[in-house]
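> One structure is given below, represented as structure tokens, and several questions about it will come after.
In the UniProt record's numbering, the protein residues as written are 1 to 161.
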């Protein structure tokens with residue numbers, strides 16, 4: 001009856017207790033809301049979840065602000081594309097290279113990406129390749145293969161459309 005939900009790697013892989021980085025833009029952040037709330041309530045997982053959220057303008061688009069209470073500042077980084085410096089979430093992935101690299105190489109560590117495949121999804125994937133090149137001292141093709149292996153292992157899950 002609910003076959004689609006069980007087949008969705010985003011739903012299946014979220015049960016692990018390892019560190020997680022959740023990357024989303026626009027409506028792509030919505031699936032992560034409940035995941036983060038659940039994580040913050042589990043003592044052994046509370047300090048193991050981070051969110052990079054891309055929005056156009058915080059005054060217009062940041063509808064979930066304050067939802068994670070006192071943990072919000074330590075858990076979530078919001079990047080605005082049309083206000084202030086005008087940055088995109090993939091730029092923040094590069095800025096957080098140490099965090100990205102430590103999560104994906106940790107036991108049970110996972111990176112989830114959710115949102116538009118054009119622009120954000122492709123940009124985040126390129127940013128992840130750049131991180132692997134810089135932190136793993138890999139050539140571009142080796143870095144692409146690294147992320148492909150992480151996909152196959154269920155450590156890098158992209159739900160883009």
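Yeah, the Cβ is synthetic: ideal placement off N, Cα and C, and Gly gets one too.
Would residue 201 and residue 100 qualify as a contact pair, given that the criterion is a beta-carbon distance under 8 Å?
Outside the shown range of the chain, which is 1 to 161, sits residue 201, and nothing can be said about it.
> Counting C-beta neighbours from all protein chains within 10 Å, is the total for residue 118 16 or more, i.e. buried, or is it exposed?
By 1-based counting over the chain shown, the position of residue 118 is 118. Answer is exposed; the Cβ neighbour count stays below 16.
> Given a cut-off of 8 Å on the beta-carbon distance, is the pair residue 41 and residue 18 in contact?
The residue given as residue 41 occupies position 41 in the chain shown. The residue given as residue 18 occupies position 18 in the chain shown. Result no, Cβ atoms of residue 41 and residue 18 do not sit closer than 8 Å.
> Between residue 129 and residue 143, how many whole angstroms is the CB-CB distance? I'm expecting something under 8 Å.
On the chain shown, position 129 is the one that residue 129 refers to. On the chain shown, position 143 is the one that residue 143 refers to. The Cβ separation is near 4 Å, so the contact holds.
> Below 8 Å between beta carbons: does that hold for residue 131 and residue 93?
In the chain shown, the residue the question calls residue 131 occupies position 131. In the chain shown, the residue the question calls residue 93 occupies position 93. In contact: residue 131 and residue 93 (Cβ atoms closer than 8 Å).
> Determine the closest residue to residue 155 out of 140, 122, 113 and 121, with distance taken between C-alpha atoms.
On the chain shown, residue 155 is found 155 positions in, with the first residue counted as 1. Residue 155 has its Cα closest to that of 113, out of 140, 122, 113 and 121.
> When the Cα atoms are used, what is the spatial distance from residue 81 to residue 57?
Start at 1 with the first residue of the chain shown, and residue 81 comes out as number 81. Start at 1 with the first residue of the chain shown, and residue 57 comes out as number 57. If I take the Cα positions, the gap works out to 7 Å.
> What did DSSP end up calling residue 52 once you bin it into helix, strand or coil?
Position 52 of the chain shown, counted from the start, is the residue given in the question as residue 52. In the structure shown, residue 52 sits in a strand (DSSP, three-state: E or B).
> Secondary structure at residue 153, three-state DSSP: helix, strand or coil?
Within the chain shown, the letter at position 153 stands for residue 153. Coil.
> Would you list the residues sitting across from residue 25 in a DSSP beta bridge?
Numbered from 1 along the chain shown, position 25 holds the residue referred to as residue 25. Bridge partners of residue 25: 54.
> Residue range of the alpha helix (DSSP H) that residue 124 falls in?
The residue given as residue 124 occupies position 124 in the chain shown. Note, residue 124: alpha helix (DSSP H), 122-136.
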